[in-house]
Amino acid sequence: MLEHKKSNPLIALLGAAALLMSAPAMAATAAAPTSAAASVAAPTDAAAPAADEATTEDNSSTAAAPHAANVDFVSMFMGATVVVKLVMTLLAICSVISWVLLIMKLMDFSSLNRVTTNYLEAYRGARSIADINRISVSDEFAGNPLADMAAVATEEVQLSKQAGLSISGEHRDSVLHRAQASVAAVQAGLAKRLSGGLSFLASVGSTSPFIGLFGTVYGIMNSFISIAQSHTTNLAVVAPGIAEALMATGLGLIAAIPAVVMYNIFNTSISNYGIRSEQFVSELINSLSRQLDKGA
Numbered sequence: 007m008l009e010h011k012k013s014n015p016l017i018a019l020l021g022a023a024a025l026l027m028s029a030p031a032m033a034a035t036a037a038a039p040t041s042a043a044a045s046v047a048a049p050t051d052a053a054a055p056a057a058d059e060a061t062t063e064d065n066s067s068t069a070a071a072p073h074a075a076n077v078d079f080v081s082m083f084m085g086a087t088v089v090v091k092l093v094m095t096l097l098a099i100c101s102v103i104s105w106v107l108l109i110m111k112l113m114d115f116s117s118l119n120r121v122t123t124n125y126l127e128a129y130r131g132a133r134s135i136a137d138i139n140r141i142s143v144s145d146e147f148a149g150n151p152l153a154d155m156a157a158v159a160t161e162e163v164q165l166s167k168q169a170g171l172s173i174s175g176e177h178r179d180s181v182l183h184r185a186q187a188s189v190a191a192v193q194a195g196l197a198k199r200l201s202g203g204l205s206f207l208a209s210v211g212s213t214s215p216f217i218g219l220f221g222t223v224y225g226i227m228n229s230f231i232s233i234a235q236s237h238t239t240n241l242a243v244v245a246p247g248i249a250e251a252l253m254a255t256g257l258g259l260i261a262a263i264p265a266v267v268m269y270n271i272f273n274t275s276i277s278n279y280g281i282r283s284e285q286f287v288s289e290l291i292n293s294l295s296r297q298l299d300k301g302a
């Protein structure tokens with residue numbers, strides 16, 4: 007019993023020594039999680055500025071988007087080089103003139119066909135050469151090509167009659183020949199009148215795409231020069247110049263396509279009216295021949 011009591015202090019001393027030896031290890035173990043927590047927190051803090059920078063870039067991209075959306079034809083024209091501006095201006099002027107010609111020609115052909123129809127109705131109601139001449143020179147049909155043809159033909163017959171020629175006898179054929187020559191002169195003037203402006207439309211339709219292509223080539227060439235000078239292939243640097251250049255080709259097509267369509271339409275209208283005038287000339291000469299045979 008006494009020996010047991012003496013061993014207790016010894017055991018207590020050994021336990022205290024063990025605790026003292028294990029204390030540094032426990033302290034190191036406790037510090038490790040703390041350091042790990044700090045290392046986890048540090049990257050989080052370091053990531054915050056990166057997140058702020060990313061947010062700033064997103065905001066700047068969002069702010070730049072409306073600016074890019076504002077790009078239109080006017081801004082591209084104003085930003086183009088002088089040569090490209092001249093090309094686009096020339097094509098725009100040609101397009102405007104073409105549309106003005108379209109309106110004028112449509113009005114001209116509409117009035118021409120309407121007056122011609124009215125004249126033919128009146129002409130076919132005439133009973134003599136004098137009636138034909140009176141209808142043809144009236145103010146109602148002044149300037150109409152068919153009325154002018156009939157007027158010069160009947161005037162030639164009347165002048166031959168006033169000159170004392172036998173228009174129903176031996177001079178009949180010569181009178182009709184001179185009348186036909188007078189009608190042919192009016193027909194030549196008619197072709198020139200109706201074809202006015204068609205050469206311009208043909209020129210615009212055939213040359214506008216190439217003029218626009220010249221502006222495009224020049225603009226793209228300047229874009230490549232800008233790339234070389236800026237040492238960057240960023241699309242934001244290259245795209246505006248290319249867009250301006252392509253707009254020149256677009257304007258060339260806008261000017262050319264309507265001009266070609268208009269030319270074909272008016273060329274067909276001229277051909278149709280030419281056929282109508284040829285039919286009238288045959289009808290007129292037959293009518294004059296008939297009247298001369300009747301002794302008019």
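Residue numbers for the sequence shown follow the numbering used here, beginning at 7 and rising by one.
Note that CB positions come from ideal geometry on N, CA and C, so glycine has one too.
Our contact map puts residue i next to residue j with C-beta atoms below 8 Å; I'd like the distance itself, whole angstroms only.
| i | j | result |
| --- | --- | --- |
| alanine 169 | alanine 185 | Incorrect: roughly 14 Å between the Cβ atoms, too far for contact. |
| serine 275 | valine 210 | Serine 275 to valine 210, Cβ: 18 Å. No contact. |
| leucine 204 | phenylalanine 272 | 6 Å |
| leucine 207 | tyrosine 129 | Leucine 207 to tyrosine 129, Cβ: 33 Å. No contact. |
| serine 166 | histidine 177 | 7 Å |
| isoleucine 217 | leucine 96 | 7 Å |
| glycine 258 | proline 215 | 5 Å |
| isoleucine 233 | serine 101 | Isoleucine 233 to serine 101, Cβ: 32 Å. No contact. |
| serine 283 | leucine 196 | 6 Å |
| methionine 94 | alanine 194 | Not quite, the Cβ-Cβ distance comes to about 40 Å (not below 8 Å), so this is no contact. |
Check for me: the alpha helix (DSSP H) holding residue i runs from which residue to which?
| i | result |
| --- | --- |
| serine 117 | 88–129 |
| valine 181 | 178–200 |
| valine 163 | 151–168 |
| serine 142 | 135–142 |
Residues in the same chain with beta-carbon distance under 6 Å from residue i, minus the five sequence neighbours each way, listed in chain order, please.
| i | result |
| --- | --- |
| phenylalanine 286 | Leu152 |
| proline 30 | Because proline 30 carries a pLDDT of 45, less than 50, the predicted location of this residue cannot be relied on, and no value is offered for it. |
| valine 121 | Asn150 |
| alanine 138 | For the record, residue 138 in the displayed sequence is isoleucine; it is not alanine. Same-chain partners within the cutoff: Ala132, Ala156, Thr160. |
| asparagine 292 | none |
| leucine 200 | Ile276 |
| leucine 107 | Gly203 |
| valine 267 | none |
| leucine 171 | His177 |
With a CB to CB cut of under 7 Å and the five nearest residues on each side skipped, what residues in its chain are close to residue i?
| i | result |
| --- | --- |
| glutamate 250 | Met82, Gly85, Ala86, Val90, Gly225 |
| leucine 317 | In this structure the chain extends from 7 to 302, so residue 317 is not present and cannot be described. |
| isoleucine 99 | none |
| valine 163 | Ile135, Ile173, Val181, Ala185, Leu294 |
| lysine 111 | Gly203, Phe272 |
| glutamine 297 | Ser134, Ile135 |
| phenylalanine 115 | Ser275 |
| leucine 219 | Thr255, Gly258 |
Would you mind sorting residue i into buried or exposed? The rule is 16 or more other CB atoms within 10 Å of its CB.
| i | result |
| --- | --- |
| aspartate 154 | buried |
| isoleucine 141 | buried |
| glutamate 146 | exposed |
| asparagine 278 | exposed |
| leucine 92 | exposed |
| alanine 265 | buried |
Please return the same chain residues whose Cβ sits closer than 8 Å to the Cβ of residue i, not counting the five positions on each side in sequence.
| i | result |
| --- | --- |
| leucine 126 | Leu152, Phe286 |
| valine 143 | Ala153, Ala157 |
| valine 192 | Pro151, Asp154, Met155, Val158 |
| asparagine 119 | Tyr279 |
| asparagine 124 | Glu146, Phe147 |
State yes or no: is the C-beta of residue i nearer than 6 Å to some heavy atom of the ligand GDP?
| i | result |
| --- | --- |
| methionine 94 | Absence of the ligand GDP from the depicted structure is noted, as is the absence of any ligand whatsoever, leaving it without description. |
Runs of beta strand (DSSP E) lying entirely within the region 223–273, each at least 3 residues, in chain order: none
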